[in-house]
Amino acid sequence: SAVISQKPSRDICQRGTSLTIQCQVDSQVTMMFWYRQQPGQSLTLIATANQGSEATYESGFVIDKFPISRPNLTFSTLTVSNMSPEDSSIYLCSVDTPVPGGNTIYFGEGSWLTVV
Amino acid sequence: GQSLEQPSEVTAVEGAIVQINCTYQTSGFYGLSWYQQHDGGAPTFLSYNGLDGLEETGRFSSFLSRSDSYGYLLLQELQMKDSASYFCAVGRNSGNTPLVFGKGTRLSVIA
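Protein sequence lines, in the order shown, are assigned to chains D and Z.
Letter by letter, the first sequence follows residues 500 to 615 in the numbering used here.
Letter by letter, the second sequence follows residues 2 to 112 in the numbering used here.
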């Protein structure tokens with residue numbers, strides 16, 4: 500299975516600033532997904548990032564707030580722009596992964612962001 | 002769209018067996034996945050069921066009944082380290098991935 504590394508692992512950010520999260524995979528993958536997990540909540544898909552095309556955003560998430568890059572098959576970035584305390588969450592990079600009988604997703608270690 | 006229901010909390014005794022149920026409603030079905038998440042950690046993949054029946058991985062097993070839109074995760078010989086949140090997830094109606102997640106079940110293992 501792919502090894503997925505995220506940076507930063509944790510950060511405390513000032514309100515109104517932006518932060519870019521990097522996701523590096525040790526093998527080439529077609530589909531990468533960015534999820535958010537707010538404190539005590541489940542995981543919510545932000546967007547799907549395929550190499551060579553613009554990211555596809557889910558309802559409630561917009562490119563101006565969460566710009567995503569996918570320059571190649573092993574790397575992606577998610578920027579959280581103009582942060583507010585409501586953006587305090589775990590941000591998780593994940594990749595489509597084949598398993599016996601189908602496909603699922605594996606997650607990176609996550610980036611814990613606290614906005615103050 | 003998809004929706005998944007699972008109990009919010011379960012408590013079980015060390016050494017016992019616990020079953021965490023998951024029911025789902027989907028317009029298409031592309032497999033049921035289970036994840037474990039410890040406090041302060043990221044979700045880790047546990048098991049996948051693409052077809053009906055039981056999948057066993059050590060102390061953990063997962064079951065799926067597509068006709069009942071139902072699955073469960075079975076944890077045997079519970080250990081304190083199994084205390085965590087467990088999420089079921091299904092593929093979106095456009096394919097296996099990305100996944101839509103349930104709200105999670107917090108399992109507390111007590112001595």
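For every residue, glycine included, the Cβ atom is placed at its ideal position computed from N, Cα and C.
Given a threshold of 16 other Cβ atoms within 10 Å of its Cβ, counted over all protein chains shown, does Z/G92 qualify as buried or as exposed? buried
Z/Y31 to Z/G54 span [Cα, whole Å]: 15 Å
Kindly indicate the opening and closing residues of the beta strand (DSSP E) around D/M531. Counting along the chain, the beta strand (DSSP E) containing D/M531 begins and ends at 530 to 536.
Rounded to whole angstroms, what's the CA-CA distance from D/A548 to Z/A112? Just pull it up for me. 44 Å
Quick one: Cα of Z/D40 to Cα of Z/S86, how far? 8 Å
Straight-line CA distance for D/Q536 to D/T543? 6 Å
Quick one: Cα of D/G600 to Cα of Z/Y49, how far? Roughly 8 Å between the two C-alpha positions.
Can you tell me which of the three DSSP states D/E585 falls into? helix
Please specify which runs of the beta strand (DSSP E), each continuous and at least 3 residues long, are wholly inside the stretch 16 to 80 of chain Z, giving them in chain order. 19 to 26, 33 to 38, 45 to 50, 54 to 58, 61 to 66, 71 to 76
Distance, Cα to Cα, D/V615 vs D/P507? 17 Å
Spell out the partners DSSP gives D/D510 in its beta bridges. D/L612
Restricting to Cα atoms, I'd like to know which of D/S500, D/V561, D/N581 is closest to D/Q527. D/S500
For D/F565, return the contacting residues in chain Z, with the cut-off set at a CB-CB distance below 7 Å. Simply none; closest approach about 15 Å.
Under 7 Å from the C-beta of D/L612: neighbouring residues of chain Z: Those do not exist, as D/L612 stays about 14 Å from chain Z at its closest Cβ, beyond 7 Å.
Under three-state DSSP, which class holds D/D595? Secondary structure at D/D595: strand, using DSSP grouped into helix, strand and coil.
Quick one: does D/G601 have its CB under 8 Å from some CB of chain Z? yes
D/T543 bridges to which residues according to DSSP? D/R535
When the cut-off is 8 Å and only beta carbons count, does Z/G32 lie next to chain D? yes
Out of Z/E78, Z/S109, Z/Q26, which has the shortest C-alpha to C-alpha gap to Z/S4? Comparing Cα positions, the closest option is Z/Q26.
Given that a residue counts as buried once 16 or more other Cβ atoms are within 10 Å of its Cβ, and exposed if not, what is D/G607? buried
With C-beta atoms as the reference, is Z/Q7 less than 8 Å away from Z/C23? yes
If you compare alpha carbons, which of Z/S84, Z/Q20, Z/N97 is closest to Z/S63? Z/Q20
Which term fits Z/L52, buried or exposed, when burial requires 16 or more other beta carbons within 10 angstroms of its beta carbon? exposed
Straight-line CA distance for D/S610 to Z/G16? 34 Å
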